[in-house]
Every structure is written in structure tokens, then in C-alpha cells.
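I have placed the structure first, in the form of C-alpha cells, so that the comments after it can refer back to it.
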Amino acid sequence: MEIKTKHKKFNSFTDLYSFMIDSHLEEISVTMKYPDGTKSSGIMPIDMVLSFTSIEQIKTFDKELKELSTKYNEDLAKVRKIAENCNELNYFEDEDGEIQAQLDAIEASNELKQAVTELVNEKLHG
Numbered sequence: 001m002e003i004k005t006k007h008k009k010f011n012s013f014t015d016l017y018s019f020m021i022d023s024h025l026e027e028i029s030v031t032m033k034y035p036d037g038t039k040s041s042g043i044m045p046i047d048m049v050l051s052f053t054s055i056e057q058i059k060t061f062d063k064e065l066k067e068l069s070t071k072y073n074e075d076l077a078k079v080r081k082i083a084e085n086c087n088e089l090n091y092f093e094d095e096d097g098e099i100q101a102q103l104d105a106i107e108a109s110n111e112l113k114q115a116v117t118e119l120v121n122e123k124l125h126g
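The sequence shown begins at 1 in UniProt numbering and counts up one residue at a time.
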């Protein structure tokens with residue numbers, strides 16, 4: 001996927017987020033071009049870019065998430081969602097408890113959630 005702004009092109013949301021931080025931008029107008037050739041445009045607030053960045057980061061250790069999915073006999077999509085929520089807890093102040101509530105609502109064992117949390121912290125915040 002390619003992400004364009006009036007300033008430059010980006011290959012990832014992580015790069016776009018870094019640009020926004022460096023430029024002190026709270027939102028940015030983007031056009032995204034997908035691999036199938038379709039495009040979409042709109043204004044993205046920095047929190048949305050950060051959420052997409054979090055998802056990109058989770059994909060960097062998908063092999064380990066697949067191993068946990070197999071070990072705990074749990075759906076991979078569910079394991080990824082746990083990882084995304086854990087990662088977001090490291091970025092956002094969860095004053096209203098919304099992210100934690102989303103994490104708690106995922107039906108999975110506490111052991112799996114703990115293993116995923118440790119993996120996220122080790123890979124992305126260690």
C-alpha cells in the first residue's frame with residue numbers, strides 16, 4: 001500500500017506517524033493506494049494513524065503469534081486482536097478504560113492474554 005500526502009509519499013503508517021510527530025500535526029489529509037489499484041482519500045487524525053501503526057507493528061511478529069495460536073488452540077485472528085489491544089495500551093492513555101474493556105471482552109484464557117502481552121512488550125517495547 002502507498003500512502004500519499006501533499007508533502008510526500010509513505011510506505012507505511014509507521015513512517016507517516018513519525019512524519020506527523022516531527023511536524024507537530026494532529027491530523028493529515030491522505031490518499032491511500034491499495035495493491036489492487038483502488039484508492040481512498042480522507043483526513044486522518046494522529047490517533048487513527050497510531051492505531052494503524054500498532055497493527056503494522058503486530059504484523060512484524062506474526063510467526064510468533066501463530067505459534068501462540070497453535071499452542072493455546074485459539075483462533076489466530078483473536079490472538080492478533082489481543083496483541084493489537086495490548087500494543088495500544090502502551091501508546092494511549094486509557095483513562096476511560098475502553099481499550100482494557102475491549103481486551104477483557106475477548107474470550108480467551110488469562111494465560112494466553114498474559115503470553116501475548118509479554119510477547120508484545122518484548123518485541124515492541126523492550
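We treat Cβ as the ideally placed atom computed from N, Cα and C, and that holds for glycine.
**Study point:** Own chain partners of I99 with C-beta closer than 7 Å, once the 5 adjacent residues on each side are dropped
**Key:** Closer than 7 Å at Cβ, skipping near neighbours: N85, E88, L89 and F92.
Practice item. Return helix, strand or coil for E111, following the three-state DSSP convention. Key: helix
Check your understanding: Can you give the Cα-Cα distance for G97 and A105, rounded to whole angstroms?
Key -> 12 Å
Practice item. Return the residue from the list T14, F13, I21 and I28 that minimises the CA-CA distance to H7. Key: I28
Point to revise | Distance, K39 Cα to residue 138 Cα | key: Beyond the ends of the chain as shown, which are 1 and 126, falls residue 138; an answer cannot be given.
Exercise for review: Count the other CB atoms, across all protein chains shown, that sit within 10 Å of the CB of Y17; report buried if there are 16 or more and exposed otherwise.
Suggested key: buried
Point to revise | Neighbour-count burial assignment, Q57, 16 or more Cβ in a 10 Å radius | key: Per the 10 Å Cβ criterion, buried.
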